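Encoded as structure tokens, the structure appears first; notes follow it.
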Amino acid sequence: MGERFGQRLGVIALHVVVISGALLTVLPIAFMIYSSFKTTTEIFTLPPWLPPAEWSFKNYETLLTGWHFPYWYANSIIYAAVVTVFVLFFCSLAGFAFAKYFFRGKNFLFIILIGSTMIPFQLILIPLFILMSRIDWVNHPASMIIPWMAPAFGIFLMRQYIQAVPSELMESARIDGASEFRIYAQVIVPLVRPGLTTLAILTFLGSWNSYIWPLMVLRGNEVITLPVGIATMRSQATASQIPYGEMMAAATLVSLPVIALFLMLQRYFISGLTIGAVKG
Amino acid sequence: MAQAAMTRGREARESGGFQQHKLAPYAFISPFYVLFAFFFLAPSLIALVLSLFRWDGINDPRFVLARNYGRLLSDKVFAQAATNTAIYAIASLLIVLPLALVLAVLLNAKSLRFSNVWRAMYFTPVVTSTVAITLVFQILYNRDTGLLNAPLIYLGLEPIYWLGDRSWAKVAIIILIAWRSTGLLTIYFLAGLQSIPEELYEAASIDGASMLQKFFRITIPMLRPIILFVSIIVLLSSIQIFDEPQILTQGGPANSTMSVVQYLYERGYTRLRLGFASAVGTVLFATVFILSLLQLQWYGVFRKED
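The listed protein sequences correspond, in order, to chains A and B.
If you're matching positions, the first sequence starts at 5 in the numbering used here and goes up one per residue.
If you're matching positions, the second sequence starts at 345 in the numbering used here and goes up one per residue.
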């Protein structure tokens, strides 16, 4: 009886700890949405949990009409979507080659591939920027797309998925006279849709949330992305009247769609993150 | 007869497709290597050469041998940025990593109801834009009206100057990093926990082991490879920290939160000291290279256990 009571208490404690931590985690996001309905003055009024005097979408209206926000949004979507399409194609193709072919130098090439996943790109930030300015890609969409079209991580991910496809399917397609590319397009691709979905989510998110690179290579309100745009809202305003209300509306509009996407496709997202960790 | 003809036909097709079969994989992997050579290898080599020059991007580069490196190693701001980055890394290893490990064990508990809901809540920060959430934290950290100080103010205590005090500003960055990365590390540990055989815990229960004993005697030893893997991930991502201090404090007050990448950005991009920034990049590259070799070593560990 006593032991069972102790066990019950343990289960209750577990729930209390887990749930309060979870609430604490989403608190800043809730606070962001909450603040997006307040005026900037109200945001900086004690107590911070006081509701706005008037619930209104005024911040959202100003954001859409008074700033280049719609441009930033469109730019972010376009860069992220285009880069995702290329990544899906190039990574699945290369992942296919590494998973299903034997060729000279394969091991060596694979070591280069894996090695390159471990070097953060920030380390070549300045020389890469110099290169961009030499080839006139500063302020050009190409700088947001072309260098990022075939990430090693994505190739590794697709290789893991494609290895699970039975090789007999390829063999029988080959006997039927299919070209290697047709085997890829018609046998492999339809069978690794979950892998492609995973890679698409990770790539889109990475591009959507990236900050330092677009901050360097993009200039002007018509070409910058959302994170850069939101950060410039602060510098474009005078110090005394930084539009925090509108910035919270912008932060909400940047975050909520990807959070919704994540909640819908959580399974794919998590398998993509952990495939390197547990399977090696 | 018919069968022999078929075999011959197949052979003919196979030898016809032989070349294609051999060349196809090279064609398939070539986009990566072309992009790698052009946008990664070439800039790396440029950086190596440029680190020996003084160059502002406009006038002719001037050869200065190793003077950039000498200046870098004696630069107080660089020392500070390196120290700050090390503090972020150590805080992540000593606070965020154990927190994520415990959280993963709790989320993995069988008696936990609606586990998927709580998991989703914990994972949300992983996908949230750093820039967006950092601006939110800026409001939360406000000295006079922020949510974190509000209880202190109402209790009549001295509010904390989160973003204006050299030490508290670092704490503010670390809290933000913890908020952003705990969920991600938890995902790794949860995946690792799935690979521990249930029988181990059952056997321990029969032997009368307590929860804590099971955690230290089974969970931790079994997760050792994952803990090592996550440690390296933490170190590598700490070296990359830029968004948080850039938005929250601009590296201030008095460079007390400046990260190494921020230093690199500021010297190379803002001040256009391209040769000097390349030297910074090269030193970092060497550091990361050593860490990566360690990681490769551990990847080997993973493979054997698979």
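Glycine is no exception: its CB is placed at the ideal position from the N, C-alpha and C atoms.
Given the structure is predicted, the values throughout are model-derived calculations rather than measurements.
I need the straight-line Cα distance from residue i to residue j, nearest angstrom please.
{"i": "GLN270 of chain A", "j": "ALA204 of chain A", "result": "13 Å"}
{"i": "LEU580 of chain B", "j": "ALA430 of chain B", "result": "11 Å"}
{"i": "LEU441 of chain B", "j": "VAL574 of chain B", "result": "8 Å"}
{"i": "VAL393 of chain B", "j": "LEU618 of chain B", "result": "11 Å"}
{"i": "ILE179 of chain A", "j": "ARG197 of chain A", "result": "24 Å"}
{"i": "LEU537 of chain B", "j": "ALA448 of chain B", "result": "8 Å"}
{"i": "TYR609 of chain B", "j": "TYR532 of chain B", "result": "31 Å"}
{"i": "SER473 of chain B", "j": "TRP76 of chain A", "result": "14 Å"}
{"i": "ILE149 of chain A", "j": "PHE384 of chain B", "result": "14 Å"}
{"i": "GLU649 of chain B", "j": "PHE160 of chain A", "result": "Caution applies to GLU649 of chain B, whose pLDDT of 43 falls short of 50 and renders its modelled position unreliable; the model cannot decide the point."}
{"i": "GLN245 of chain A", "j": "LEU507 of chain B", "result": "19 Å"}
{"i": "TRP152 of chain A", "j": "PHE112 of chain A", "result": "22 Å"}
{"i": "PHE73 of chain A", "j": "ILE81 of chain A", "result": "12 Å"}
{"i": "THR278 of chain A", "j": "LEU529 of chain B", "result": "10 Å"}
{"i": "VAL86 of chain A", "j": "PHE273 of chain A", "result": "19 Å"}
{"i": "GLY10 of chain A", "j": "GLU58 of chain A", "result": "49 Å"}
{"i": "PHE422 of chain B", "j": "PHE107 of chain A", "result": "46 Å"}
{"i": "VAL515 of chain B", "j": "GLY109 of chain A", "result": "49 Å"}
{"i": "VAL22 of chain A", "j": "LEU416 of chain B", "result": "46 Å"}
{"i": "ASN462 of chain B", "j": "VAL480 of chain B", "result": "Before going on, a small fix: residue 462 of chain B reads as Trp here, not Asn. Taking the straight line from one Cα to the other gives about 22 Å."}
{"i": "LEU50 of chain A", "j": "ILE497 of chain B", "result": "9 Å"}
{"i": "ARG411 of chain B", "j": "LEU396 of chain B", "result": "7 Å"}
{"i": "ILE139 of chain A", "j": "PRO387 of chain B", "result": "13 Å"}
{"i": "SER120 of chain A", "j": "LEU635 of chain B", "result": "13 Å"}
{"i": "THR631 of chain B", "j": "GLN641 of chain B", "result": "16 Å"}
{"i": "ILE4 of chain A", "j": "ILE540 of chain B", "result": "For residue 4 of chain A there is no data in the structure shown, the boundaries of chain A being 5 and 284."}
Using the Cβ count rule (16 or more neighbours within 10 Å means buried), how would you classify residue i?
{"i": "GLN190 of chain A", "result": "exposed"}
{"i": "SER600 of chain B", "result": "buried"}
{"i": "ALA156 of chain A", "result": "buried"}
{"i": "ILE477 of chain B", "result": "buried"}
{"i": "ARG457 of chain B", "result": "exposed"}
{"i": "LYS420 of chain B", "result": "exposed"}
{"i": "THR69 of chain A", "result": "exposed"}
{"i": "TRP53 of chain A", "result": "exposed"}
{"i": "PRO589 of chain B", "result": "buried"}
{"i": "ASP488 of chain B", "result": "exposed"}
{"i": "PHE633 of chain B", "result": "exposed"}
{"i": "GLN557 of chain B", "result": "exposed"}
Report all residues from its chain with a CB closer than 8 Å to the CB of residue i; omit the five preceding and five following residues, and keep chain order.
{"i": "MET36 of chain A", "result": "MET252, ALA255, THR256, SER259"}
{"i": "GLU546 of chain B", "result": "none"}
{"i": "LEU437 of chain B", "result": "SER575, VAL578, LEU579"}
{"i": "ASP400 of chain B", "result": "LEU616, ARG617, LEU618"}
{"i": "GLY224 of chain A", "result": "ASN143"}
{"i": "GLY361 of chain B", "result": "For GLY361 of chain B, the predicted model reports a pLDDT of 46, less than 50, meaning its position is unreliable; a value from the coordinates is still stated below. None."}
Whose C-alpha, out of the options, is nearest the C-alpha of residue i?
{"i": "LEU443 of chain B", "options": "B:TYR466, B:LYS366, B:GLN641, B:PHE376", "result": "B:TYR466"}
{"i": "PRO247 of chain A", "options": "A:LYS62, A:ASP180, A:MET268", "result": "A:LYS62"}
{"i": "SER455 of chain B", "options": "A:LEU18, A:MET237, A:MET220", "result": "A:LEU18"}
{"i": "TRP217 of chain A", "options": "A:GLY119, A:GLU175, A:TRP141, A:LEU54", "result": "A:TRP141"}
{"i": "LEU132 of chain A", "options": "B:PHE633, B:LEU389, B:ALA598", "result": "B:LEU389"}
{"i": "SER511 of chain B", "options": "B:LEU616, B:THR614, B:PRO597", "result": "B:PRO597"}
{"i": "THR468 of chain B", "options": "A:SER147, A:MET237, A:ALA26", "result": "A:ALA26"}
{"i": "ALA264 of chain A", "options": "A:LEU13, A:GLU250, A:LEU209", "result": "A:LEU209"}
{"i": "PRO55 of chain A", "options": "A:TYR64, A:GLU65, A:THR66, A:ALA34", "result": "A:ALA34"}
{"i": "PHE629 of chain B", "options": "A:MET122, A:THR236, A:LEU222", "result": "A:MET122"}
{"i": "TYR165 of chain A", "options": "A:GLY99, A:LEU173, A:LEU206", "result": "A:GLY99"}
Looking only at its own chain, which residues have a Cβ that is under 6 Å from the Cβ of residue i, when we skip the five neighbours before and after it?
{"i": "SER39 of chain A", "result": "ILE47, MET252"}
{"i": "TYR215 of chain A", "result": "PRO231"}
{"i": "VAL470 of chain B", "result": "GLY527, LEU528"}
{"i": "GLU226 of chain A", "result": "TYR75"}
{"i": "ARG398 of chain B", "result": "ARG406, VAL408, GLY619"}
Which same chain residues, not among the five before or five after residue i, have their C-beta less than 7 Å away from its C-beta?
{"i": "LEU195 of chain A", "result": "VAL169"}
{"i": "ASN213 of chain A", "result": "PRO231"}
{"i": "ALA621 of chain B", "result": "LEU608, ARG611, GLY612"}
{"i": "HIS365 of chain B", "result": "none"}
Name, going along the chain, the residues of the segment 208-222 of chain A whose beta-carbon falls closer than 8 Å to a beta-carbon of chain B.
LEU209, TRP212, ASN213, TYR215, ILE216, MET220
Using a Cβ cut-off of 7 Å, which residues of the segment 610-637 of chain B contact any Cβ in chain A, in chain order?
GLY612, TYR613, LEU618, ALA621, SER622, GLY625, LEU628, PHE629, VAL632, SER636
Using a Cβ cut-off of 8 Å, which residues of the segment 481-498 of chain B contact any Cβ in chain A, in chain order?
PHE481, ILE483, LEU484, ASN486, ASP488, THR489, GLY490, LEU491, ALA494, ILE497, TYR498
Residues, ordered as in the chain, of the segment 565-595 of chain B that lie near chain A by beta-carbon distance below 7 Å:
When CB distances to chain A are screened at a threshold of 7 Å, the residues of the segment 565-595 of chain B falling below it are ILE570, PHE573, LEU580, ILE583, GLN584, PHE586, ASP587, ILE591, in chain order.
Using a Cβ cut-off of 8 Å, which residues of the segment 387-410 of chain B contact any Cβ in chain A, in chain order?
PRO387, SER388, ILE390, ALA391, LEU394, GLY401
Taking any Cβ of chain B, which residues in the segment 258-273 of chain A have a Cβ under 9 Å from it, in chain order?
VAL258, SER259, VAL262, ILE263, LEU265, PHE266, LEU267, GLN270, PHE273
Using a beta-carbon distance cut-off of less than 9 Å, what residues from the segment 367-382 of chain B approach chain A?
LEU367, ALA368, PRO369, TYR370, ALA371, PHE372, ILE373, SER374, PRO375, PHE376, TYR377, VAL378, LEU379, PHE380, PHE382
Near-chain B residues of the segment 177-191 of chain A (beta-carbon distance less than 8 Å), N- to C-terminal order
ARG178, ILE179, GLY181, SER183, GLU184, PHE185, TYR188
According to a CB-to-CB cut-off of less than 8 Å, which residues of the segment 18-30 of chain A neighbour chain B?
LEU18, HIS19, VAL21, VAL22, ILE23, GLY25, ALA26, LEU27, THR29, VAL30
Output needed in chain order: residues of the segment 157-168 of chain A with a Cβ under 8 Å from some Cβ in chain B.
ILE159
Short of 9 Å Cβ to Cβ, which residues in the segment 239-256 of chain A face chain B?
TYR248, MET251, MET252, ALA254, ALA255, THR256
Going along the segment 413-434 of chain B in order, which residues come within less than 8 Å of chain A, judged by CB to CB distance?
none
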